[in-house]
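Remarks on the structure that follows.
Here it is, written out as structure tokens:
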């Protein structure tokens, strides 16, 4: 090996060594950086606490923050990047939607319980989700649990499906209304807290669903026309 080749190899090894050391230094975070990195998770856990209690008072927020911090420390959870965004206008729309659904569903359940007890039937409805974010799905589940008459029974992550128990369910129309309510809640959560990638994936799934529905409707039209021709005696 010549002297030039030996010098080049020594330079390359030195550069690689300094790069690895820099990467290792970049991975080491100060206590302050670690604490700041955990704040989004604690804030999200606090938000879930307030939503589940249904009481946004200062005492509830402080208690939720304390429980979230203690739980985080006790569980020794690793630092995970929280892929959420906060859009104030969409958050207001989401809060208004949930408050209205809470009021309307409470009135509906009360009316059925007092004047139509024989119609107080519950049904588990399968609702396909369009978002694949674990955080957003958890938020949707918490939001639905606030609404009287709806309760998430199971989440199938592999198929992206929520199983929601709804009450009261009187007909197929009630099933469709519950499914629309769940999917509208999902959409509002995605627009309020989802990242740009979450929203892009959500809209892509919406377009795919619209295309599938359009194809299904187009395929059903010839069959309906043939049935009408058979029924027509002329």
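Numbering (this note's numbering), first residue to last: 996 to 1229. Ideal Cβ placement from N, Cα and C applies to all residues, glycine included.
C-beta atoms of residue i and residue j nearer than 7 Å
i: residue 1121; j: residue 1158; result: yes
i: residue 1125; j: residue 1214; result: no
i: residue 1085; j: residue 1163; result: no
i: residue 1128; j: residue 1193; result: yes
i: residue 1116; j: residue 1190; result: no
i: residue 1045; j: residue 1055; result: yes
i: residue 1040; j: residue 1068; result: no
i: residue 1104; j: residue 1144; result: yes
Selected residue, minimal CA-CA separation from residue i, among the options
i: residue 1065; options: 1093, 1047, 1095, 1034; result: 1034
i: residue 1092; options: 1180, 1196, 1061; result: 1180
i: residue 1136; options: 1128, 1161, 1146; result: 1146
i: residue 1183; options: 1173, 1170, 1165, 1082; result: 1082
i: residue 1089; options: 1168, 1171, 1138, 1210; result: 1138
i: residue 1161; options: 1155, 1118, 1109, 1186; result: 1118
i: residue 1141; options: 1063, 1176, 1170; result: 1176
i: residue 1153; options: 1165, 1087, 1132; result: 1132
i: residue 1173; options: 1123, 1058, 1110, 1042; result: 1123
Extent of the continuous alpha helix (DSSP H) run through residue i
i: residue 1139; result: 1129–1140
i: residue 1175; result: 1167–1188
Where the beta strand (DSSP E) through residue i begins and ends
i: residue 1146; result: 1145–1151
i: residue 1121; result: 1118–1123
Helix, strand or coil at residue i [DSSP, three-state]
i: residue 1113; result: helix
i: residue 1157; result: strand
i: residue 1091; result: helix
i: residue 1053; result: helix
i: residue 1079; result: coil
i: residue 1126; result: coil
i: residue 1064; result: helix
i: residue 1019; result: With a pLDDT of 43 at residue 1019, under the threshold of 50, the modelled position of this residue cannot be trusted, and the question is left open.
i: residue 1037; result: helix
i: residue 1264; result: This structure cannot speak to residue 1264, because the chain is shown only from 996 to 1229.
i: residue 1208; result: helix
Residue i: CB within 6 Å of a non-hydrogen atom of the ligand PLP
i: residue 1098; result: In the structure on display, the ligand PLP does not appear, and there are no ligands present to speak of.
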